[in-house]
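Below: one structure, written as structure tokens.
In our numbering, the protein residues as written are 6 to 132.
Right, here's the structure in full:
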């Protein structure tokens with residue numbers, strides 16, 4: 006998330022809720038809050054719920070509705086493309102010695118993130 010926010014001044018402004026911040030992005034309390042929420046979200050759907058399709062769909066749709074509330078601050082769905090690109094770049098940089106295991110890991114996260122973003126776009130499109 007930090008890379009995504011840092012790569013877009015508009016995204017930075019939105020995450021900061023329009024308030025200027027002189028701290029480094031990594032020190033923003035809001036970034037810690039968002040990072041912790043993301044960790045909790047993925048721990049829940051991946052570990053606790055073991056990628057139950059109904060739960061993943063429900064949580065992804067809920068996440069989309071939550072993101073839509075930030076539209077009043079200028080949040081746009083295409084910011085998710087920035088997030089996805091940075092997420093995928095981070096996955097590629099992971100060091101996993103077993104090449105097949107790494108390919109499977111990256112493929113799994115690629116599918117999950119793509120689905121999450123698709124559902125978020127859907128939530129933006131409905132009332």
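No residue lacks a Cβ here, since even glycine has one placed at the ideal position from N, Cα and C. On a predicted model such as this, the values are computed, not experimentally measured, just so you know.
Taking the straight line between their C-alpha atoms, what separation do you get for residue i and residue j?
i	j	result
residue 133	residue 50	No answer is possible for residue 133: the residues shown for the chain start at 6 and end at 132.
residue 59	residue 122	16 Å
residue 129	residue 73	6 Å
residue 109	residue 34	34 Å
residue 80	residue 106	36 Å
residue 103	residue 78	43 Å
Here's the rule I'm using: 16 or more other beta-carbon atoms within 10 Å means buried, otherwise exposed. How should residue i be labelled?
i	result
residue 69	buried
residue 85	buried
residue 88	buried
residue 124	buried
residue 61	buried
Would a C-beta distance cut-off of 8 Å place residue i and residue j closer than the cut-off?
i	j	result
residue 64	residue 46	yes
residue 126	residue 82	yes
Which two residues bound the contiguous alpha helix (DSSP H) that contains residue i?
i	result
residue 111	104–130
residue 67	58–74
residue 49	Segment: none, residue 49 is in no alpha helix (DSSP H) and carries neither H nor E.
Taking one C-beta from the segment 40–50 and one from the segment 89–104 each time, how about it: are there three or more such pairs within less than 8 Å?
Proximity of the segment 40–50 to the segment 89–104 falls short of the contact definition, fewer than three beta-carbon pairs being nearer than 8 Å.
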